[in-house]
Amino acid sequence: MLDKTDDSSVAADTWLAQFEEVLAEPDEALLRQLFHPDSYWRDVLALSWNIQTLNGRDAILKALPPLARSMAPTSFAVAPGRAAPRKVMRAGTNAIEAIFDFETNVGRGCGVIRLIPDEDDGNRLKAWTLLTELGELKGFEEQLGVNRPRGNAYSRDFRGPNWLDLRKASAEYADRDPTVLVIGGGQSGLSIAARLKQLNVDTLIVDREKRIGDNWRKRYHALTLHNQVQVNHLPYLHFPPNWPTYIPKDKLANWFETYVEAMELNFWTETEFEGGSFDEKEGRWTVTLRRADGTKRVMHPRHVVLATGVSGIPNVPEISGLKDFSGKVLHSGGYDDGESWKGKRAIVIGTGNSGHDIAQDLHSSGADVTLFQRSSTLVVSIEPSAQLVYTPYNEGTLEDNDLIAVSMPLKLARKSHAITAEKSRALDQELLDGLERAGFKLDFGEDNTGWQFKYLTRGGGYYFNVGCSDMIIKGDIALKQFSDLDTFTPDGAKMKAGEIIKADLVVLATGYRPQEELVRKLFGAAVEKRVGTIWGFGEEQELRNMYTRTGQPGLWLIAGGLAQCRIGSKHLALQIKAIEEGLLPR
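Anchor point for the sequence shown: position 570 equals 569 in numbering that gives the first Met the number 0, and the numbering is continuous, going up by one each time.
Right, here's the structure in full:
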C-alpha cells in the first residue's frame with residue numbers, strides 16, 4: 000500500500016491507480032486500506048445518480064462496491080491542465096489534495112481526493128475525503144468549443160429564415176411546448192436555462208417582471224452585491240475584467256439582459272405562472288401562463304423548475320396595532336429609495352442585510368431612523384471578514400475553485416466555517432464590542448459556524464457591515480429591541496415603558512415565507528407534501544430538495560446566490576438531460 004511521501008503527485012497517482020484496480024475487482028480488505036477510518040465520500044451523480052455524502056470508512060465500503068459494479072468507473076488519473084496535486088490545509092487538517100478525471104459507463108467525471116496519514120497504520124497515506132462528480136454524459140456533451148453548432152457556410156438559404164428569424168420563432172413557442180419551463184428569471188433561472196441550452200434541451204423562462212433583470216433593478220437604490228465579482232460569474236460567460244469588485248444592482252440587472260441575448264435563452268417577460276398539475280401517466284405538466292395582455296397560454300412541459308429564490312412570498316408578521324398606523328407601511332421587497340423620506344421619521348423592523356441597508360439608506364437621505372431588532376443577529380465587516388470564506392477564489396481558476404467547494408462534505412465544511420468565523424470575530428472585535436455597548440444582540444451562527452451556514456440553514460439572520468453598524472454605535476441610527484414594543488398607534492410605536500417613537504414610515508425587513516408555501520400556492524397541498532421541506536440540511540447532509548429530484552416527478556428547485564446557482568445548475572441540468580435520454584428513470 001501507499002507509504003507516506005513528500006511527493007504529492009506520486010501519492011495521488013499511486014492512490015488513484017490502486018483505487019481503480021480495487022474497484023475493478025472489489026476486495027473489501029484492500030479497499031479498506033485505501034480509506035482513513037475518519038473518511039468522507041461525496042458523490043454528485045457520478046456513481047449513485049444522487050447528491051449525497053457518506054461519513055466514515057464503514058459506510059463508504061458498504062455503498063461503494065455495488066455502485067462501482069453498476070457504473071463501472073475507470074480511467075482514474077490526475078487531471079491535466081488543472082491545479083497540480085499539492086499540500087493544503089482544509090478544515091484545520093493538513094492534506095495532499097489532487098483533482099482527477101475518470102469515466103463511467105454513462106459519463107465523464109472529475110473529483111478531488113485528499114490524503115492524510117493514518118497514525119494507526121504506520122502513517123500510510125489514505126483517503127480522508129473523496130469527491131466523485133459527474134461532468135458530462137457520453138454522447139450528449141455540451142455544445143461548446145469543438146462541439147459548438149457549426150452550420151455550413153456554403154449551403155445557406157438566401158431566401159429562407161436567417162438567424163434572427165429562427166431566434167424569434169424559437170422564443171414564440173407558437174407550435175410547440177418547451178421540454179422545460181423555468182419559473183423565475185433571476186440568477187437561478189438564467190443559470191439552469193443556460194445549462195439546458197448547451198445540452199440541447201428546449202427551455203423557456205417566464206418571469207412576471209416587465210424587463211429582464213428587474214428582480215435586481217427594482218431593489219433599493221443603493222444595493223450592491225456583498226461578495227466580490229470573481230465569485231459571482233454566471234455559467235460560461237464571465238463578467239468583463241474591468242468590472243468593479245462589488246457589482247451594483249443595476250449593472251447586474253443589465254448584464255442579465257446581455258446574458259439572455261448572448262446565450263440565446265428563450266425568455267417571456269410580464270408572464271405570470273398561475274399554477275399547474277402533473278399527469279402521472281403522461282409524465283407531463285398542464286400549466287397556465289397569463290401574458291401581459293391578459294391572454295392565457297396552456298402548456299404541457301415535462302419539467303417545471305421553480306427558480307424564484309430561496310423564498311418568494313414576503314413575510315408580513317402580525318404586529319400589534321400596525322393596522323392602525325396612519326403612515327406608510329412597506330415590506331423591504333417594496334422599498335426603493337430614501338430620497339422621498341428626507342426630513343421624515345422612519346422605523347425599520349429587522350436587522351438582516353436588508354434592514355441595515357434600508358436604515359442606512361434612509362439616514363443618508365436625511366430621515367430620522369429607528370431600527371428595531373427582532374432577534375440576535377450575526378454581524379461581520381464586509382472586508383476583510385465577510386470575504387474570508389471566498390479566499391480560494393482569489394487565485395486559481397473558477398472551474399477548480401467550484402470543484403473544491405463542492406468537494407467539502409458538510410461536517411468538514413461546518414468545521415472550516417467555524418475556523419473562519421473565529422478569525423472574523425477577532426478581526427471585528429472592536430466593532431462587535433461597540434454594538435454590544437449600544438444594546439445590539441449578537442450571535443455567531445449555529446455552533447459558531449458564521450454567516451454562510453446561517454444562510455444555508457435559514458436564508459438570513461446576518462449583516463455585512465458597510466457602515467450601518469458604525470451609525471448604530473455612534474447613535475446616528477437609534478436602536479430598539481422589538482421585545483420592548485407594546486403596540487403601534489396612529490402616530491408610531493408605543494414602547495412598553497411608555498415612550499412613543501413617532502414615525503411616517505414603517506419598513507418590514509422581516510424576510511420571506513418558507514419556499515414550501517410557494518409550492519403549495521402554485522401546485523397545491525398534495526405536491527407540497529410530496530416535496531417536503533425545502534432548504535436547510537437533511538439526513539443526507541445536502542440541501543433539501545435543491546438541485547436534485549424531488550418527491551414530485553417533474554418538479555425541480557434551484558435557488559441561492561450566483562455562485563451556488565452556477566454550480567447547482569450544472570447538476571440539475573445533467574439530471575434532466577439524463578431523464579430525457581432514458582439514462583435515468585423519470
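For each residue, glycine too, the CB sits at the ideal point set by N, CA and C.
If you're wondering where the values come from, they're calculated on a predicted model, not measured in any experiment.
Where residue i and residue j are concerned, what is the direct C-alpha to C-alpha distance, given to the nearest angstrom?
i: R216; j: W450; result: 25 Å
i: A71; j: A23; result: 8 Å
i: K414; j: T456; result: 15 Å
i: G560; j: T92; result: 28 Å
i: T4; j: A252; result: Annotation note: pLDDT 46 at T4 (below 50); position unreliable, coordinate value reported separately. T4 and A252: Cα-Cα distance of roughly 51 Å.
i: S406; j: I346; result: 44 Å
i: L46; j: E20; result: 16 Å
i: L583; j: P552; result: 12 Å
i: A28; j: D100; result: 25 Å
i: A477; j: R283; result: 54 Å
i: D360; j: D336; result: 7 Å
i: T376; j: L222; result: 20 Å
i: G466; j: G438; result: 17 Å
i: S353; j: S482; result: 20 Å
i: G523; j: P300; result: 18 Å
i: V302; j: R543; result: Sequence check: residue 302 is His here, not Val. Roughly 19 Å between the two C-alpha positions.
i: H232; j: L133; result: 21 Å
i: K209; j: P84; result: 49 Å
i: R436; j: Q480; result: 14 Å
i: R565; j: A385; result: 20 Å
i: L163; j: A170; result: 11 Å
Could you check whether residue j and residue i sit closer than 8 Å to each other, using their CB atoms as the reference points?
i: K411; j: R56; result: With the sequence shown as reference, residue 411 is identified as Leu, and Lys is not the correct amino acid for it. No, the Cβ-Cβ distance between L411 and R56 is not below 8 Å.
i: T178; j: E579; result: yes
i: L165; j: M298; result: no
i: V111; j: E96; result: yes
i: T270; j: R290; result: yes
i: A508; j: G320; result: no
i: S364; j: W340; result: yes
i: S331; j: I312; result: no
i: R81; j: D401; result: no
i: H225; j: F371; result: no
i: P408; j: Q540; result: yes
i: H35; j: D117; result: yes
i: L441; j: L426; result: no
i: L288; j: K295; result: yes
i: E256; j: I211; result: yes
i: P489; j: F324; result: yes
Which same chain residues end up closer than 6 Å to residue i when comparing Cβ atoms and leaving out the 5 residues on each side of it in sequence?
i: D503; result: G326, K343, R344
i: W242; result: V228
i: L329; result: V506
i: M0; result: Since pLDDT at M0 reaches only 46, below the 50 mark, its modelled position is unreliable, and no value is offered.
i: G510; result: N314, G459
i: L521; result: G274
Apply the 10 Å Cβ neighbour rule to residue i and answer buried if 16 or more other Cβ atoms are within range, or exposed otherwise.
i: L114; result: buried
i: H237; result: exposed
i: E141; result: buried
i: Q514; result: buried
i: A558; result: buried
i: V304; result: buried
i: S380; result: buried
i: P79; result: exposed
i: N146; result: exposed
i: V205; result: buried
i: L554; result: buried
i: Q428; result: exposed
i: G590; result: Residue 590 is absent from the structure shown; the chain starts at 0 and stops at 585.
i: P148; result: exposed
i: V286; result: buried
i: A168; result: exposed
i: T549; result: buried
i: L517; result: buried
i: L44; result: buried
i: D2; result: Bear in mind that the predicted position of D2 carries a pLDDT of just 47, short of 50, making it too unreliable to give a figure here.
i: S374; result: exposed
i: S468; result: buried
Excluding the five sequence neighbours on either side, which residues of its own chain have a C-beta within less than 7 Å of the C-beta of residue i, listed in chain order?
i: A420; result: F443, G444, N447, T448, G449
i: F18; result: L33, F75
i: D12; result: V77
i: E338; result: S364
i: L198; result: F139, E141, A572, K576
Only counting the same chain, and skipping five residues up and downstream in sequence, which positions put a Cβ closer than 8 Å to that of residue i?
i: S568; result: S187, S190, I191, A193, R194, P234, Y546, I557
**Message:** Check whether the segment 493–503 and the segment 386–395 are in contact - that is, three or more C-beta pairs closer than 8 Å.
**Reply:** no
**Request:** Take every Cβ of the segment 570–577, pair it with every Cβ of the segment 186–204, and state whether three or more of those distances are shorter than 8 Å.
**Result:** yes
**Request:** Evaluate contact between the segment 122–141 and the segment 38–55, counting only Cβ atoms and requiring at least three cross-stretch pairs below 8 Å.
**Result:** yes
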